[in-house]
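Engineer: Chains as they are written, first to last, in the numbering used here: chain A, 28 to 231; chain B, 5 to 303.
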Amino acid sequence: MHKLTVPISDEDIRALHVGDTVYLNGVIVTGRDAAHKYMIEHFIRHEPTDPEDIALHDKLKALLDGGVIYHCGPVVKKREDGSWTFVAAGPTTSIREEVYEADVIRHFNLKGVIGKGGMGKNTLKACMEQPAVYFHAIGGAATLIAQSVKEVLDVYKLDFGVPEAMWVIRVEDFPVVVTMDSHGNSIHEKVQAESEARLRALLG
Amino acid sequence: MNEPIQLDLTSELLELVRKAATELPEDMVVALEKGRAQEEPGSAAEQALATILKNVRMARENSTPICQDTGTPIFEVHYPFGVSTRMLKEQIQEAVAQATARAYLRPNAVDSLTGKNSGNNLGVDFPTIHFHEWEEDRIFITLQLKGGGSENVSVQYKLPDAALGAGRDLEGVRRAVLDAVLKAQGKGCAPGVLGVAIGGDRGTGYIVAKKQLLRKLDDVNPLPELAALEDRIYRDANELGIGPMGFGGKTTVLGVKIGVAHRLPACYFVTVAYMCWANRRAELTALLQNGRVTEVSYA
Numbered sequence: 028m029h030k031l032t033v034p035i036s037d038e039d040i041r042a043l044h045v046g047d048t049v050y051l052n053g054v055i056v057t058g059r060d061a062a063h064k065y066m067i068e069h070f071i072r073h074e075p076t077d078p079e080d081i082a083l084h085d086k087l088k089a090l091l092d093g094g095v096i097y098h099c100g101p102v103v104k105k106r107e108d109g110s111w112t113f114v115a116a117g118p119t120t121s122i123r124e125e126v127y128e129a130d131v132i133r134h135f136n137l138k139g140v141i142g143k144g145g146m147g148k149n150t151l152k153a154c155m156e157q158p159a160v161y162f163h164a165i166g167g168a169a170t171l172i173a174q175s176v177k178e179v180l181d182v183y184k185l186d187f188g189v190p191e192a193m194w195v196i197r198v199e200d201f202p203v204v205v206t207m208d209s210h211g212n213s214i215h216e217k218v219q220a221e222s223e224a225r226l227r228a229l230l231g
Numbered sequence: 005m006n007e008p009i010q011l012d013l014t015s016e017l018l019e020l021v022r023k024a025a026t027e028l029p030e031d032m033v034v035a036l037e038k039g040r041a042q043e044e045p046g047s048a049a050e051q052a053l054a055t056i057l058k059n060v061r062m063a064r065e066n067s068t069p070i071c072q073d074t075g076t077p078i079f080e081v082h083y084p085f086g087v088s089t090r091m092l093k094e095q096i097q098e099a100v101a102q103a104t105a106r107a108y109l110r111p112n113a114v115d116s117l118t119g120k121n122s123g124n125n126l127g128v129d130f131p132t133i134h135f136h137e138w139e140e141d142r143i144f145i146t147l148q149l150k151g152g153g154s155e156n157v158s159v160q161y162k163l164p165d166a167a168l169g170a171g172r173d174l175e176g177v178r179r180a181v182l183d184a185v186l187k188a189q190g191k192g193c194a195p196g197v198l199g200v201a202i203g204g205d206r207g208t209g210y211i212v213a214k215k216q217l218l219r220k221l222d223d224v225n226p227l228p229e230l231a232a233l234e235d236r237i238y239r240d241a242n243e244l245g246i247g248p249m250g251f252g253g254k255t256t257v258l259g260v261k262i263g264v265a266h267r268l269p270a271c272y273f274v275t276v277a278y279m280c281w282a283n284r285r286a287e288l289t290a291l292l293q294n295g296r297v298t299e300v301s302y303a
């Protein structure tokens, strides 16, 4: 069992292997479909020029350097003083971000991506080079994971809607499992191959 | 009876939504516990199921959503003659908006053209409501919350399918459904429940398949050939080793439920509505006497 705090060092990432349980601490940022598309189109394909984009880019650069992005569209509640709290916050399916994630990892120097269901070859390659890992949270365990979210520090792009906004959160002992490591291993590739073989045997 | 029946079930419908979003049905909990017991102690599969069960308990105790993706709310409304469906539709919509404001539901209705989230779970054909008039003197409403991850791995096959070696028979159905489980891997939040429809057109296929998810896991299909097929696919799917979350393991599906609809001679669809382990469903019964609600119960 590993306990890691963001920002995470390359050495700590290299020490992780598929199957390891990790408890994550520190400040992470949620981002899913709309956020990934936005980051690619506004920050990565070309330098941001719009003043709002530049300001957000600078903030994200600081938050994500050695940091972690979380594929999550939470249920939130606004308190009377205007601050936010996470009510339910499990992972969303990561594979939809496969076309974007490798570029996002490289651009921001991400050390980890949290999601569910695993990702593909491009992300695995970026994890090996960066290095970075894919952390698998338990899909649907939304109330439990929300207990790990101790504070909502900020929210960007709320105009994307609550699920798609980028929430800046401080987490304590967020439980995840490494299912893609920086050594080229992926539990998802292994299970896919084994289950294909078993189905072939079953169908004769 | 000449006057239309006036009644207000808005607060009861709100309670129905709350229950569906926060309380996993007991048969699902039992199946998850059974799954946990058969996995290797300390394995990722066993840990995943332990976390899921802990989450289910916490969600019930705190009255917070089991999963943050509270999905598409799908209402099946059975009502006696004389009850206005327009009135019930308005009350359902009001209850859904209130449930969203109370954070039982995530705002989930997105304008497909502008990308704008309506913020209250109301939109074009959202939530889904199907009305069925019946002869009983009660209103009976089921609600299921169908999440997006499992919706994305749901799939419809057109038989025959040469690549799968699937012909227009129950063996072909078996091959198609197992292909859907293989393709889904852990992405639909395994261990899932499979709602399957044989036949129908492309639209009714999904409606019938999703209705199967309302059945209790331990019920027995009244059609013996389908009961046997459900059992066979359940055992086969759990031989694939995909396991909880796709981590590998023995618990890949918790149930298989198959329904049928008449089809065109030219068409033979097999529709697989994959549902995640958070198979959220709830029922409301309102007894009526002389046009008044006398008793409301939930299950």
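Each residue gets a CB set at the ideal place from its N, CA and C atoms; glycine is no exception. These numbers were taken from a predicted model, which means no experiment stands behind them.
1. Report yes or no: is there a C-beta of chain B within less than 8 Å of the C-beta of Ile122 of chain A?
2. Whose CA, out of A:Val218, A:Asp186 and A:Lys148, lies closest to the CA of Ser122 of chain B?
3. Can you check whether the C-beta of Val100 of chain B is within less than 8 Å of a C-beta belonging to chain C?
4. Nearest to Ala224 of chain A by alpha carbon, out of B:Gly245, B:Ala184, B:Arg142 and B:Val297?
5. Does the segment 272–285 of chain B come close enough to the segment 12–30 of chain B that 3 or more CB-CB pairs lie under 8 Å?
6. Name the two residues that bound the continuous alpha helix (DSSP H) containing Leu227 of chain B.
7. Three or more beta-carbon pairs under 8 Å between the segment 46–62 of chain B and the segment 197–216 of chain B, yes or no?
8. With 8 Å set as the bound, which would you pick, yes or no: does the beta-carbon of Arg206 of chain B sit closer than that to a beta-carbon of chain A?
9. By the criterion of Cβ-Cβ separation under 8 Å, what are the contact partners of Val114 of chain B in chain A?
10. With H, G and I counted as helix, E and B as strand and the rest as coil, what does DSSP make of Val140 of chain A?
11. Considering only the alpha carbon of each residue, which of A:Ile172, A:Asp39 and A:Glu74 lies closest to His98 of chain A?
12. Which first and last residues belong to the beta strand (DSSP E) in which Gln3 of chain B is found?
13. Can you find the residues in the same chain that come closer than 7 Å, C-beta to C-beta, to Ile262 of chain B, ignoring five residues on each side of it along the sequence?
14. Check whether chain B comes within 8 Å of Gly139 of chain A, counting only Cβ atoms and requiring the distance to be less than that.
15. Could you pull out every residue in the same chain whose Cβ sits closer than 6 Å to the Cβ of Phe130 of chain B, ignoring the five residues on either side in sequence?
16. Fully enclosed by the segment 196–223 of chain A, which alpha helix (DSSP H) runs are 4 residues long or longer?
17. Suppose the cutoff is 6 Å on Cβ atoms and the five residues either side in sequence are ignored; what does the same chain contact list for Gly152 of chain B look like?
18. Looking at C-alpha atoms only, which residue of B:Thr14, B:Gly295, B:Arg296 and B:Val21 is the closest neighbour of Gln148 of chain B?
19. Who are the Cβ neighbours of Ile56 of chain B in its own chain at under 7 Å, not counting the five residues just before and after it?
20. Within 10 angstroms of its Cβ, does Trp194 of chain A collect 16 or more other Cβ (buried), or is it exposed?
21. Classify Ser116 of chain B: buried if its beta carbon has 16 or more other beta carbons within 10 angstroms, exposed otherwise.
22. Looking at the strands, I want to know which residues DSSP matches up with Asp47 of chain A.
23. Inspect the beta-carbon positions of Ala115 of chain A and Val95 of chain A and report whether they are closer than 8 Å.
24. Output, in chain order, the set of chain A residues within a Cβ distance shorter than 7 Å of Asn283 of chain B.
25. Distance check for Tyr83 of chain B and Asn294 of chain B, CA to CA, integer angstroms please.
26. Measure from the alpha carbon of Arg106 of chain A to the alpha carbon of each residue in A:Val179, A:Leu31 and A:Lys148, then state which is nearest.
27. Taking C-alpha atoms, which residue in B:Leu18, B:Glu43, B:Thr298 and B:Leu168 lies nearest to Phe251 of chain B?
28. If I measure Cβ to Cβ from Met28 of chain A and keep anything under 6 Å in the same chain, skipping five residues before and after, which residues do I get?
Structural biologist: Inspection of the coordinates gives the following:
1. The residue given as residue 122 of chain A occupies position 95 in the first sequence. Yes, Ile122 of chain A counts as interfacial toward chain B.
2. One-based indexing of the second sequence puts residue 122 of chain B at position 118. Considering only alpha carbons, the answer is A:Asp186.
3. Given the protein chain composition of this structure (A and B), no chain C is represented.
4. Numbered from its first residue, the first sequence carries residue 224 of chain A at position 197. Here the closest residue by C-alpha is B:Gly245.
5. yes
6. Your numbering for residue 227 of chain B matches position 223 in the second sequence. That residue, Leu227 of chain B, is in no alpha helix (DSSP H); it is neither H nor E in DSSP.
7. no
8. Counting from 1 along the second sequence, the entry for residue 206 of chain B is found at position 202. With 8 Å as the cut-off, Arg206 of chain B does not count as an interface residue toward chain A.
9. In the second sequence, residue 114 of chain B corresponds to position 110, counting from 1. By Cβ distance, chain A contributes Gly188.
10. Locating residue 140 of chain A in the first sequence gives position 113, counting from the first residue. Strand, per DSSP.
11. Along the first sequence, read from residue 1 onward, the residue named residue 98 of chain A stands at position 71. Comparing Cα positions, the closest option is A:Ile172.
12. Chain B is shown only over 5 to 303; residue 3 of chain B falls outside these bounds and no answer can be derived.
13. The residue you call residue 262 of chain B lines up with position 258 of the second sequence. Around Ile262 of chain B: Val200, Ile202, Gln216, Asn225, Leu230, Leu233 and Glu234.
14. To locate residue 139 of chain A, count along the first sequence from 1; it is residue 112. Not one chain B Cβ lies under 8 Å of Gly139 of chain A.
15. One-based indexing of the second sequence puts residue 130 of chain B at position 126. For Phe130 of chain B, where only same-chain residues beyond five positions count, the Cβ hits under 6 Å are Ala113.
16. none
17. Indexing the second sequence from 1 puts residue 152 of chain B at position 148. So the list reads Asp73, once near-sequence residues are dropped.
18. Position 144 of the second sequence, counted from the start, is the residue given in the question as residue 148 of chain B. The residue with the shortest Cα to Cα distance from Gln148 of chain B is B:Val21.
19. The count along the second sequence starts at 1 and reaches residue 56 of chain B at position 52. Answer for Ile56 of chain B: Leu36 and Trp281, listed in chain order.
20. The count along the first sequence starts at 1 and reaches residue 194 of chain A at position 167. By the 10 Å Cβ count, Trp194 of chain A comes out buried.
21. Walking along the second sequence from the start, residue 116 of chain B turns up at place 112. Ser116 of chain B should be labelled exposed.
22. For the purposes of this step, residue 47 of chain A is taken as the residue at position 20 of the first sequence. The partner list for Asp47 of chain A (beta bridge, DSSP) is empty, contrary to what the question assumes.
23. The residue labelled residue 115 of chain A in the question sits at position 88 within the first sequence. The residue labelled residue 95 of chain A in the question sits at position 68 within the first sequence. The answer is no: Cβ separation not under 8 Å.
24. By 1-based counting over the second sequence, the position of residue 283 of chain B is 279. Simply none; closest approach about 10 Å.
25. Here residue 294 of chain B is taken as the residue at index 290 of the second sequence, counted from 1. Here residue 83 of chain B is taken as the residue at index 79 of the second sequence, counted from 1. In a straight line, the C-alpha of Asn294 of chain B is about 14 Å away from that of Tyr83 of chain B.
26. In the first sequence, counting from the first residue as 1, residue 106 of chain A sits at position 79. If we check each option's Cα against that of Arg106 of chain A, A:Val179 comes out closest.
27. For this step, residue 251 of chain B is matched to residue 247 along the second sequence. The residue with the shortest Cα to Cα distance from Phe251 of chain B is B:Glu43.
28. Counted from its first residue, the first sequence places residue 28 of chain A at position 1. Cβ neighbours of Met28 of chain A beyond the five flanking positions: Thr48.
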